[in-house]
Amino acid sequence: MATAIITGASQGIGACIAKRLAKDGFDVVINHYPSDSDREKALAVAEECRTYGVKAECIAADVSKFDQCEAMVKQIKADFGSIDALVNNAGITKDTLLARMKEEDYDAVIAVNQKSVYNMMKHVCSVMMKQRHGRIVNVSSVAGLYGNPGQVNYSASKAAIIGMTKTVAKEFGSRNITCNAVAPGFIHTPMTDVLSEELKNKMLAQVALGRYGEPEEIASVVSFLVSENASYVTGQVIEISGGLSM
Ligand code: NAD
Numbered sequence: 000m001a002t003a004i005i006t007g008a009s010q011g012i013g014a015c016i017a018k019r020l021a022k023d024g025f026d027v028v029i030n031h032y033p034s035d036s037d038r039e040k041a042l043a044v045a046e047e048c049r050t051y052g053v054k055a056e057c058i059a060a061d062v063s064k065f066d067q068c069e070a071m072v073k074q075i076k077a078d079f080g081s082i083d084a085l086v087n088n089a090g091i092t093k094d095t096l097l098a099r100m101k102e103e104d105y106d107a108v109i110a111v112n113q114k115s116v117y118n119m120m121k122h123v124c125s126v127m128m129k130q131r132h133g134r135i136v137n138v139s140s141v142a143g144l145y146g147n148p149g150q151v152n153y154s155a156s157k158a159a160i161i162g163m164t165k166t167v168a169k170e171f172g173s174r175n176i177t178c179n180a181v182a183p184g185f186i187h188t189p190m191t192d193v194l195s196e197e198l199k200n201k202m203l204a205q206v207a208l209g210r211y212g213e214p215e216e217i218a219s220v221v222s223f224l225v226s227e228n229a230s231y232v233t234g235q236v237i238e239i240s241g242g243l244s245m
């Protein structure tokens, strides 16, 4: 059985990706932030994943921390034997205009959204290299492609992920490891639920399909990218935004 690890999978897009990959037949590791509330939500996600007849395990780790990622990868290798797919999904926002953005809010977003991707790829790639097989999907954002007012920190982290994706695709292609990114637009999740109605309407006016995306619509593209159907796709950024920019 193939094993997939999804970071930040206690809720939102990550939880949905975990359930979709379980449905596809992957044993899943649901990484969650080390807090009681995230643990509780992650356990519920794992229970749903198990209804598809696969193994599902929750592992607490703050993915912005190198050592915690290393320990998590070691545990997965010991418990599951292989790591076939890695989905770097964990992310946060601390939005405000550059003029008001505090240094700690810049650093925090870079640590969780960008450094985490280095931490996870660094440890998982050494496992995948030995297997001579692996699929990595990094969750970027349209903010990383086009920028977004109030998101200097977030768009920097998401643009960086795109560069990292292409570099890892080139470094590990000969080992049969693919590395792609998805760039979601405006997706219905706890992250976007907190936005004002005015801002939501302004954003929707730019979307060709005229609606928010659903987490399932991100999960279905990730499902394709980790599958054998995507065996010749690497180093790509797939925008999933309902036609935000054309
Ligand atoms: P969300 O806030 O619902 O979920 C984010 C998850 O990441 C949470 O489970 C959270 O606990 C986890 N997390 C945060 N910090 C962590 C850490 N240090 N270690 C481990 N886990 C951590 O948000 P979402 O909308 O589901 O976002 C998922 C991903 O999709 C993020 O990378 C986000 O930037 C990206 N994205 C979302 C949208 C959108 O419209 N919702 C658009 C583009 C990109």
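The sequence shown begins at 0 in numbering that gives the first Met the number 0 and counts up one residue at a time. C-beta: ideal position from N, C-alpha, C; glycine also.
Can you round the beta-carbon distance between residue i and residue j to whole angstroms, since I take them to be within the 8 angstroms contact cut?
i	j	result
valine 111	isoleucine 91	5 angstroms
serine 63	serine 115	5 angstroms
serine 222	arginine 19	5 angstroms
valine 28	glutamate 46	With 8 angstroms as the limit, valine 28 and glutamate 46 do not qualify as a contact, their Cβ atoms being about 15 angstroms apart.
isoleucine 12	proline 214	5 angstroms
asparagine 179	valine 232	6 angstroms
alanine 98	tyrosine 51	Going by Cβ atoms, the distance from alanine 98 to tyrosine 51 rounds to 49 angstroms, so no, they are not a contact pair.
methionine 163	tyrosine 105	Not a contact, Cβ separation roughly 18 angstroms.
asparagine 87	methionine 119	6 angstroms
valine 141	valine 72	Not a contact, Cβ separation roughly 30 angstroms.
alanine 218	cysteine 15	5 angstroms
alanine 60	proline 33	7 angstroms
aspartate 83	glutamine 150	At roughly 33 angstroms, the Cβ-Cβ gap does not stay under 8 angstroms, so aspartate 83 and glutamine 150 are not in contact.
isoleucine 257	valine 236	Nothing can be reported for residue 257: it is not among the residues displayed for the chain, which extend from 0 to 245.
Is it buried or exposed for residue i, if we count other Cβ within 10 angstroms and need 16 for buried?
i	result
glycine 184	buried
alanine 17	buried
asparagine 228	exposed
alanine 207	exposed
asparagine 200	exposed
aspartate 23	buried
valine 181	buried
alanine 77	exposed
valine 193	exposed
serine 139	buried
leucine 198	exposed
leucine 85	buried
Under 9 angstroms between C-beta atoms, does residue i make it to chain C?
i	result
valine 236	Absence of chain C from the displayed structure is noted, only one protein chain being present.
What does DSSP give as the partner residues of residue i in its beta bridges?
i	result
glycine 253	Because residue 253 is not part of the residues shown, which for the chain are 0 to 245, the question remains open.
leucine 85	Ile4 and Ile135
valine 27	Ala3 and Ala55
alanine 180	Asn137 and Val236
Under 8 angstroms Cβ to Cβ from residue i, same chain only, skipping five residues before and after it: list those, please.
i	result
serine 230	Thr177
leucine 203	Phe185, Gly209, Arg210 and Tyr211
glycine 7	Gly13, Asn30, His31, Tyr32, Val62, Asn88, Ala89 and Gly90
glutamine 74	Ile58
Can you find the residues in the same chain that come closer than 7 angstroms, C-beta to C-beta, to residue i, ignoring five residues on each side of it along the sequence?
i	result
glutamine 10	Lys40 and Pro189
glutamate 216	Ile239
arginine 49	Ala55
methionine 100	Val151 and Asn152
glycine 172	Thr233
Enumerate in chain order the residues of its own chain whose CB-to-CB distance from residue i is below 6 angstroms, with the five nearest sequence positions on each side excluded.
i	result
serine 156	Val108, Ile109, Asn112 and Gln113
phenylalanine 25	Ala1 and Ala3
alanine 168	Cys178, Thr233 and Gly234
arginine 174	Met128 and Arg131
alanine 158	Gly143
For this session: Can you check the stretch 124-174 for any alpha helix (DSSP H) of at least 4 residues that lies completely inside it and give the ranges in chain order?
Result: 141-145 and 151-171
For this session: Mind listing, in chain order, the continuous beta strand (DSSP E) runs of no fewer than 3 residues lying wholly within the stretch 47-82?
Result: 55-59
For this session: Jot down the residue ranges of each uninterrupted alpha helix (DSSP H) in the stretch 192-241, minimum 4 residues, whole runs only, in chain order.
Result: 196-203 and 214-224
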